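Comments concern the structure below.
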Amino acid sequence: MTILKKILPFGEIMVSLGVITKEQLDIALKEGKKTNTRVGKVLVNLGFAAENDIANALAVQYQIPAVILSSTILDPAVVKLIPESVARRYLVIPIAVDGDVLQVAMIDPLNVFAIDEIKRATRYKIKTIVTTETEITNAINQYYP
Numbered sequence: 001m002t003i004l005k006k007i008l009p010f011g012e013i014m015v016s017l018g019v020i021t022k023e024q025l026d027i028a029l030k031e032g033k034k035t036n037t038r039v040g041k042v043l044v045n046l047g048f049a050a051e052n053d054i055a056n057a058l059a060v061q062y063q064i065p066a067v068i069l070s071s072t073i074l075d076p077a078v079v080k081l082i083p084e085s086v087a088r089r090y091l092v093i094p095i096a097v098d099g100d101v102l103q104v105a106m107i108d109p110l111n112v113f114a115i116d117e118i119k120r121a122t123r124y125k126i127k128t129i130v131t132t133e134t135e136i137t138n139a140i141n142q143y144y145p
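Heads up: the sequence shown begins at 1 in my numbering, then just goes up one per residue.
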């Protein structure tokens, strides 16, 4: 028998971590519905949360690591495993190889389209790690010519 873990809603995690209030969450949810924007992005746009708060909450929600890329030195050979066009399209960057597993930092660790394309391009199993959009963009600009 398979036991499924219940994944808490992102907004509840943000409130439980003390990053935002329930009222701020309600405002962000309404705005997100109106503009068809993810609640995390809305929270940042409204100034209720910082990008790293969003990444940390996603790490808690999906029980995966979060990384601060600006504090991490990446191996250029590993970075080259993912073509620049794929990295920019999906906002991802490879950060390490461990055997047959490629660790990939991304802002949306559940983006199956990105994960599938990276698997096909690299022939590695993929382990996702969450980070912020700013961190990804800066790393892509730094490591891709």
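Don't be surprised by glycine CBs; every beta carbon is placed ideally from N, CA and C.
Only a predicted model underlies this, so the values are computations on that prediction, with no experimental measurement involved.
Going straight from the alpha carbon of residue i to that of residue j, what length do you get?
i: residue 101; j: residue 69; result: 19 Å
i: residue 84; j: residue 33; result: 32 Å
i: residue 65; j: residue 53; result: 13 Å
i: residue 18; j: residue 25; result: 11 Å
i: residue 86; j: residue 80; result: 11 Å
i: residue 126; j: residue 13; result: 25 Å
i: residue 71; j: residue 30; result: 35 Å
i: residue 36; j: residue 11; result: 16 Å
i: residue 144; j: residue 89; result: 13 Å
i: residue 22; j: residue 99; result: 43 Å
i: residue 38; j: residue 142; result: 27 Å
i: residue 75; j: residue 63; result: 25 Å
i: residue 82; j: residue 119; result: 10 Å
i: residue 46; j: residue 60; result: 22 Å
i: residue 7; j: residue 51; result: 21 Å
i: residue 44; j: residue 97; result: 32 Å
i: residue 77; j: residue 16; result: 40 Å
Would residue i be called buried (16 or more neighbouring beta carbons within 10 Å of its own) or exposed?
i: residue 56; result: buried
i: residue 9; result: exposed
i: residue 28; result: buried
i: residue 40; result: buried
i: residue 58; result: buried
i: residue 49; result: buried
i: residue 109; result: buried
i: residue 91; result: buried
i: residue 150; result: The structure shown has nothing for residue 150, since the chain only spans 1 to 145.
i: residue 73; result: exposed
Mapping DSSP to helix, strand and coil, what is residue i?
i: residue 73; result: coil
i: residue 13; result: helix
i: residue 125; result: strand
i: residue 116; result: helix
Can you find at least 3 beta carbon pairs, one from the stretch 129 to 140 and one from the stretch 103 to 112, that sit closer than 8 Å? yes
Within 8 Å, do at least three Cβ pairs link the stretch 135 to 144 to the stretch 114 to 123? no
Please list the segments of the alpha helix (DSSP H) lying wholly inside the stretch 11 to 94, counting only runs of 4 or more residues, in order along the chain. 22 to 35, 39 to 45, 51 to 62, 76 to 79 and 84 to 90
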